[in-house]
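Let me begin by presenting the structure, written as structure tokens, before commenting on it.
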Amino acid sequence: MNKSSLIGLIVVFGFLACSSDDDNNNISSCDQLTVISSKQYVDEPNHNLTINSLKINENCLKISFSSSGCSGDSWEVKLIDSEEILESNPPKRNLRLSLKNEELCDAYITKEISFDILGLKVDGNRVSLNIKNSDDQILYEY
């Protein structure tokens with residue numbers, strides 16, 4: 013293979029490697045993914061917390077919550093779906109915010125975390141999200 017053919021192949025492969033992939037629009041801007049697991053829904057830690065607010069922005073559910081602790085830096089937080097879809101109009105899904113908090117301080121800390129809820133879509137264009145440890149529901153429309 014001569015030198016100009018080799019350079020031509022390198023240029024072609026360079027263009028192919030740098031081509032944009034418009035099909036890859038699924039990059040989440042949320043802080044965490046929602047876990048969909050009936051086992052984790054039951055088994056994951058359930059330390060005391062207060063949910064202050066719920067807000068949906070596109071495919072992210074933003075949850076503001078508070079709990080006692082030192083700084084909240086060691087907290088492990090998950091939004092867990094029970095894997096059940098309750099037949100109603102609109103359909104409902106049960107979720108809970110799991111908090112593992114082993115901090116032994118008396119400060120009251122508030123955090124805000126967003127969770128990707130794209131995986132919670134059902135047939136139709138909306139689903140009601142029932143957040144068990146807040147006694148609140150929020151309608152996810154898509």
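Take the position in the sequence shown, starting the count at 1, then add 12; the result is the number in this note's numbering. By construction, the Cβ of each residue, glycine as well, lies at the ideal position given by its N, Cα and C atoms.
Taking C-beta atoms under 8 Å as the contact rule, I48 and E95 qualify, at a distance of about 6 Å. By a beta-carbon distance limit of 8 Å, C72 contacts S126. Their separation comes to about 4 Å. Cβ-Cβ distances below 8 Å link N64 to S76, F77, S78, T122 in the same chain, with the five nearest sequence neighbours on each side left out; the list follows chain order. Counting only runs of 3+ residues, the beta strand (DSSP E) found wholly inside the region 121-145 occupies 138-143, in chain order.
In the DSSP annotation of this structure, Y53 is not part of any beta strand (DSSP E); the continuous alpha helix (DSSP H) holding it starts and ends at 50-55. Under the 8 Å Cβ criterion, the region 135-142 does not count as touching the region 54-63, having fewer than three qualifying pairs. Rounded to the nearest whole angstrom, the CA to CA distance from Y53 to S146 is 15 Å.
By the CB criterion at 8 Å, D148 and L98 fall outside the cutoff.
E114 has its alpha-carbon roughly 29 Å from the corresponding atom of I150. Residue environment for L132: buried (at least 16 other C-beta atoms within 10 angstroms of its C-beta). Annotated three-state conformation of D148 is strand, per DSSP.
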